[in-house]
Every structure is written in structure tokens, then in C-alpha cells.
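Residue numbers for the sequence shown, in this note's numbering: 7 to 277.
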Amino acid sequence: MGDDRQLKGLDGDLLPLFERLAIEAGHVIMRHYEQGFSVEHKADDSPVTAADRDAEAVILDGLRAQGLALPCVAEESVSRGVIPACGDAFLLIDPLDGTREFVNRRPDFTVNIALVRGGAPVLGVIYAPARNLLFRGGADGAFEVEVKGRDIAGRKRIQARARRADEPPVILASLSHRTPETDAYIARFPGARVTSIGSSLKFCLIARGEADLYPRFGPTMQWDTAAGDAILRAAGGMTRDVAGNPLVYGPREDSGFLNPSFVAEGAGFTA
7 MGDDRQLKGL DGDLLPLFER LAIEAGHVIM RHYEQGFSVE HKADDSPVTA ADRDAEAVIL
67 DGLRAQGLAL PCVAEESVSR GVIPACGDAF LLIDPLDGTR EFVNRRPDFT VNIALVRGGA
127 PVLGVIYAPA RNLLFRGGAD GAFEVEVKGR DIAGRKRIQA RARRADEPPV ILASLSHRTP
187 ETDAYIARFP GARVTSIGSS LKFCLIARGE ADLYPRFGPT MQWDTAAGDA ILRAAGGMTR
247 DVAGNPLVYG PREDSGFLNP SFVAEGAGFT A
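Structure representation (C-alpha cells):
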């Protein structure tokens, strides 16, 4: 497992594994969603529920059962101080992205699993269990996947669109984290249509050609974005920091796994 050449050979096997574990985690989340749950708050005042923790356990236990010897940076483990040393390749896991949407019973919460290699997200799976909808991205492209129960019911390839320079863009804004900086960015595009949606599904809407831009000028963590970024890149888009460079993943000495501000964009888009 430590040999990067061996790991690259496993990529085709990892995506089906990520799909299966995301779907299993989604079933756990929906059980809490239907049966009820209490809400706690972490040190940063962000909400957390038993669904977050139980979904993460399903994913981590499933990875261990497969003998996958990769560092796993998972949100709830990190909040408890469990932060593995990361080499060139590691996993970023958000077992319940969009907890605020989950708590408020909006259907936009997701399960996110991504493989990072060399600072770039190269494989990603996002599952929205309340929508029975899964997205995946890797070397073979990006796909939208219909889920029925625990089974894959169908797949279709998706592609980010290239917007004409004279066409107002469709811009996605965070439903729970809108900032004045975001509003200022949107104001640069007269006539833009703005849609608000929660969680990492914003990346997926750009990846399937329904939107052009997702600006985020506020704190996010790498596990929030890696899976969606992998899917978007596989669909022909890109996520860039405010200097225009592709977003880089991995621990930083000064900020850990905190992302800088960024803009996710469709194919060939120059923001």
C-alpha cells in the first residue's frame, strides 16, 4: 500500500468501495433522520448529531475491513483530536456534509469520500441519501448514479459546461454561509442567476452542467470540498483559490486542513 504505483492500480477498485460505503453510511443517516435525533455543538459551535458519528464509523470500519492502509482524515475523528500523518496519498471523509440541512430537514445533506494524491483530489464520491442520488469522479470521468435501496440502478456520464463570455452565469451560493464577500463577487456578473443550495451538491450541479460558478469566501474544511472537487475536475471543471491556482489539499502548518477562499467553476470558465 505504501507504493504509489500499487495505489494507482487500485483506483478502479476504490471508487466502487467508496460508493458502497457512502450508500451504507447514507442508510445509517436516514435511520436517524426518520427516527429523530438530538443536536449537540462542537467547540467551533457547528452542529453535530449521532448520525454524523455513526456514519463515520460505518465508513472507517468498512475501509479497515478492506485492509486499506491509507491515512483517513475524517471530520468527527479530527474533532476528537485524531489526526493521522498524511503522506502523498490520503483520504478525506465528511460523513455528513450539510449537518445544518440535515437538522432543518432539508434534503441536501451528503456523504463525502475522496482520495487525494499529490495535493489534488483524484477520486471522489458524494451520496445524497434523501435524494437517492450519487455522484462519482475519477480517471474515467464523472457520473451521476441513481440508487435504489442499496443497489446502483443506473449511471450517466456528466460534463461541466463551457459558458459563453456574453452569457450571464448561473451562480451557486451557500444556503447557510452567505457572506458580504460572496455578494460582492456575484455583483461582478450583471444578470447572473443565483441559486442557493446546501452541502457539496453545489460542486455536482456544476459538474453536470446546470451551473457555472460556486464562490466561497468563508471558512471550509478540506473534507467539505475534496469529493466535490474531484467530481468537478473529472467533469472538466476546476476549483481555484482567489489567486487563480487549483485548490491544493493536505495539511498546512499554519491552518491545518482549512481551505482558503475559492471559486469552483465550469469547463473553460475564466472568472
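By construction, the Cβ of each residue, glycine as well, lies at the ideal position given by its N, Cα and C atoms.
Asked, Found
"Status (buried if at least 16 other CB within 10 Å, exposed otherwise) for Pro135", "buried"
"6 Å Cβ shell around Tyr191 - same chain, five flanking residues per side excluded", "Pro221"
"Nearest neighbour of Ala175, chosen from Glu216, Asp230, Thr226 [CA to CA]", "According to the sequence shown, residue 175 is Pro rather than Ala. Checked all of Glu216, Asp230, Thr226; the closest Cα to Pro175 is Glu216."
"First and last residue of the uninterrupted alpha helix (DSSP H) at Phe108", "105-109"
"Distance CB(Ala241)-CB(Ala148) smaller than 8 Å", "yes"
"Beta carbon of Glu82 nearer than 8 Å to that of Arg106", "no"
"Start-to-end residues for the alpha helix (DSSP H) that takes in Glu150", "Run containing Glu150: none in the alpha helix (DSSP H); it sits in the beta strand (DSSP E), 147-154."
"Environment of Asn118 [buried if 16+ CB atoms lie within 10 Å]", "buried"
"For Pro221, the residue or residues it bridges with in DSSP", "Val269"
"Test item: CB-CB of Val79 and Ile99 under 8 Å", "yes"
"For Gly234, the nearest candidate out of Thr201, Ala166, Asp172 (CA to CA)", "Ala166"
"Gly144 versus Phe43, Asn110, Gly130, Ser267, residue with shortest Cα-Cα distance", "Gly130"
"Contact belief for Asp230 with Asp103 at Cβ below 8 Å, rounded distance in angstroms", "6 Å"
"Ala120 and Leu97 closer than 8 Å at C-beta", "yes"
"Beta-carbon proximity of Val109 to Pro186, cut-off 8 Å", "no"
"Alpha-carbon to alpha-carbon, Gly68 and Arg156", "15 Å"
"Start and end residues, beta strand (DSSP E) containing Val200", "199-203"
"Local conformation of Pro135 per DSSP, three classes", "coil"
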